[in-house]
Amino acid sequence: MKSSALFVIAALVVSSSVPVFASDKDECLLASKNCKAEVDSLQQKMKKLNGEIKKGTKVYSADELRKLNDKLKEANAMLDEMMKPGK
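Residue numbers (mature numbering (1 follows the signal peptide of the UniProt record, and there is no 0)): -22 to -1, 1 to 65.
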């Protein structure tokens, strides 16, 4: 009986160490998963990226935040390219 109680307590401790905010990640922005045919304008995508980046390390790992920042830089570069006057 004691060993099964210890097993249950151990399982609870392990499960509680999983990040609480994991479900708050936008997998579509991060890794193109669960997109459900989302089609955003460039400005909408940039706004979403900024919002996700603001969540910081409470939701994302440092590597994931770097990926989101890289995607935001890429979107900014695309917008800058589109705003250039015609050659």
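Glycine included, every Cβ here is placed at the ideal spot set by N, Cα and C. Bear in mind that the values here come from a model prediction, so they are computed numbers and not experimental data.
Here the alpha carbons of leucine 20 and leucine 57 stand approximately 8 Å from one another.
In this structure, glutamate 42 places its C-beta atom within 8 Å of the C-beta atom of leucine 8. Per the coordinates, the alpha-carbon of serine 10 lies some 16 Å from the alpha-carbon of arginine 44.
Annotated three-state conformation of glutamate 16 is coil, per DSSP.
Counting every other CB atom within 10 Å of its CB across the protein chains shown gives aspartate 18 a total below 16, marking it as exposed.
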